[in-house]
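To start, the structure itself, in structure tokens.
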Amino acid sequence: MAHYDARYGTHASSSNNFVSGSPNQLDSEEQGTVKSHNLIDNLKKHCKPSYHFNRSSSSPIGELQSTSCSVAAIDYNIETPPIVFHGTHRDSAGALISGQLFLDISDDFVEIDSLKATIQAHTVYKRPYQSHCRECQHHDVEIQAWVLLGHTTRLNRGRHMFPFSGFLDGKLTASMDTPVISISYEFMAMAQVSHSTALARPPTQLKIERNLLVRRSIPEPIFPRQTVRRFPSLNIAVYAKYNSVINPTGSNSLTLTIDGVVAHEEKAEMMDLWKLKKVAWRLDETIKTIAPICDKHMAAANKVGCGNGLQGITRSEVRVIGEKQLYKGWKLDYSSACCSVIDVEYFVRPAHSHLYKSRYTCDAKTDDGMQVSHSLFLELTVSRGYSACLMLRMHFGIILTECSGTSISWDNEPLPLYEDVPPRPPSYICEWSVEYQDHEPLSAGHDIEQANSTDLPTNPQ
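So the sequence shown is residues 1 to 461, counted in full-length UniProt numbering.
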């Protein structure tokens, strides 16, 4: 008897997983050949890669779900530009999202029980307290929800549009994928199609999913940062001038001014010159997060001492996203009046090909303990005469953020201007177009009526 294999989307037989000929048609060698070919074909079908960016799953509730059935199909269209949070998580104004859901009805009419759409934040802790526990590893938070059809509605043949719009708070974390934690945002729409009572079939659920890429862009400061690193034992001072906010796709410059490369010895009437042998830089990325512990493992974690109150266990990872060593490309100035100036270019390690993305994560920080930071480490190797080489080490804090491009925050978008419309409402001059003649005041007429009323005779009692 054949049954449906939900893991691979194929039909398998309970008695025999492969098709084979009968003994009257094939001999034993041909049967073995047919089995081997079928085995290879089934393995190719079962080993096809699956991509989760636009997941669509098939029909009745409880089974696989799909984006279409025999009578209806669901589709979507996101109308807003890519989601970008401008500013840090404390001062960002958030982002707007809007779009439309489409229901294409191919029958004369179809009854839709419900139509809903949601945006969820899906967090995966890759180093949880218990790797086999799904509650410790996966966390879903609903951010937005729309009930587009809350009751059974009959839709006629054709395309039906359901607009939606929402707001994403600027405190949300941008999408990321690190060795410790991954955060993704999923847009999901579901429609439940009912069947006639004569068919006696359960409702069909249509479902469509899409990953929303959420980025954050921090503006660059107007003036570069300037710092001083002093090495008293060598009487050398290094002045650094650099941009504290950088983009991962471009090259960045660090200007070093070295003071003290010439040492005067008055007694020996000699000058010692420090020579720069090597310049090495490294861009490190530090990822820290707190992996929460589910309720059923909280007691065990407290007993063994691995818990951190109600927060969880701290996980961290440090990885190198860019490095380089330079042995030439500079020239020191040994004049007594000037200092030596060196320009060092640093960057994020690019991807090896267009098929693989560069491995980096932009700076992020949340109130629940998750933080991604970057540091630039610089090492100068100097020597004097025939003495051993000495290393001057320093590090600088760097903020890695996405490039905003031409997009701006929604609260800074100006109103549209038109040629024939002035920038302000028009002013009107109060002029009376109708001339009125002067009339006697109403009070005078009232007095006359009273005087006339007194002249009237009264009826005797």
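Note that CB positions come from ideal geometry on N, CA and C, so glycine has one too.
Indicate whether His122 and Glu186 have their beta-carbon atoms separated by less than 7 Å. Translated into positions along the sequence shown, residue 122 becomes position 122. Translated into positions along the sequence shown, residue 186 becomes position 186. Their beta carbons are under 7 Å apart, which means His122 touches Glu186 by this criterion.
What number of angstroms, rounded off, separates the C-alpha of residue 489 from the C-alpha of Gly397? Lying outside 1 to 461, the shown extent of the chain, residue 489 is not represented and no answer is given.
Verify whether the separation of the beta carbon atoms of Glu323 and Ser251 is less than 7 Å. As a position in the sequence shown, residue 323 is number 323, starting the count at 1. As a position in the sequence shown, residue 251 is number 251, starting the count at 1. Going by C-beta atoms, Glu323 is not nearer than 7 Å to Ser251.
Please name the residue or residues paired with His132 in a DSSP beta bridge. As a working note, residue 132 is residue 132 in the sequence shown. Bridge partners of His132: none, in fact.
DSSP bridge partner residues for Tyr76 (one or two, in chain order): If you number the sequence shown from 1, residue 76 lands on position 76. BP columns for Tyr76 point to Leu101.
Could you tell me which of His151, Asn235 and Tyr239 sits nearest to Gln226, measuring between CA atoms? Stepping through the sequence shown from its first residue, residue 226 is reached at position 226. Nearest of His151, Asn235 and Tyr239 to Gln226, Cα basis: Tyr239.
If you draw a straight line from the C-alpha of Leu155 to the C-alpha of Ile112, how long is it? Your numbering for residue 155 matches position 155 in the sequence shown. Your numbering for residue 112 matches position 112 in the sequence shown. C-alpha separation (whole angstroms): 7 Å.
Determine the closest residue to Phe102 out of Arg157, Gly87 and Lys296, with distance taken between C-alpha atoms. On the sequence shown, position 102 is the one that residue 102 refers to. Here the closest residue by C-alpha is Arg157.
I need the straight-line Cα distance from Ile105 to Ser194, nearest angstrom please. For the purposes of this step, residue 105 is taken as the residue at position 105 of the sequence shown. For the purposes of this step, residue 194 is taken as the residue at position 194 of the sequence shown. One C-alpha to the other measures close to 13 Å.
What is the DSSP secondary structure of Asn252, reduced to helix, strand or coil? The residue labelled residue 252 in the question sits at position 252 within the sequence shown. Of the three classes helix, strand and coil, the one that applies to Asn252 here is strand, per DSSP.
Checking 7 Å against the spacing of the C-beta atoms, do Ser175 and Val124 come in under that value? Numbered from its first residue, the sequence shown carries residue 175 at position 175. Numbered from its first residue, the sequence shown carries residue 124 at position 124. Not a contact, by the Cβ cut-off of 7 Å.
Assuming Thr289 contacts Gly369 (C-beta within less than 8 Å), just tell me the rounded distance between them. Taking the sequence shown and counting its residues from 1, one reaches residue 289 at position 289. Taking the sequence shown and counting its residues from 1, one reaches residue 369 at position 369. Their Cβ separation, rounded to whole angstroms, is 6 Å, which keeps Thr289 and Gly369 in contact under 8 Å.
Measure the Cβ-Cβ separation of Leu256 and Ile342 and say whether it is below 7 Å. Here residue 256 refers to the residue found at position 256 when the sequence shown is read from its first residue. Here residue 342 refers to the residue found at position 342 when the sequence shown is read from its first residue. Going by C-beta atoms, Leu256 is nearer than 7 Å to Ile342.
Using beta-carbon positions only, say whether Ser383 and Lys275 come within less than 7 Å of one another. Position 383 of the sequence shown, counted from the first residue, corresponds to residue 383. Position 275 of the sequence shown, counted from the first residue, corresponds to residue 275. Yes, these two residues count as a Cβ contact at 7 Å.
Taking Met298 as the reference, give the member of Ala117, Asn247, Arg315 and Gln130 with the closest Cα. The residue labelled residue 298 in the question sits at position 298 within the sequence shown. Nearest option by C-alpha distance: Gln130.
Within the continuous beta strand (DSSP E) that includes Lys207, where are the two ends? Counting from 1 along the sequence shown, the entry for residue 207 is found at position 207. Segment Thr204 to Leu212, the beta strand (DSSP E) holding Lys207.
How big is the Cα-Cα spacing for Pro221 and Arg134? Taking the first residue of the sequence shown as 1, we reach residue 221 at position 221. Taking the first residue of the sequence shown as 1, we reach residue 134 at position 134. Roughly 43 Å between the two C-alpha positions.
Cβ-Cβ separation, Val348 to Leu283 (assumed contact under 8 Å), whole Å: If you number the sequence shown from 1, residue 283 lands on position 283. If you number the sequence shown from 1, residue 348 lands on position 348. Yes, Leu283 and Val348 are in contact; Cβ-Cβ is about 7 Å, under 8 Å.
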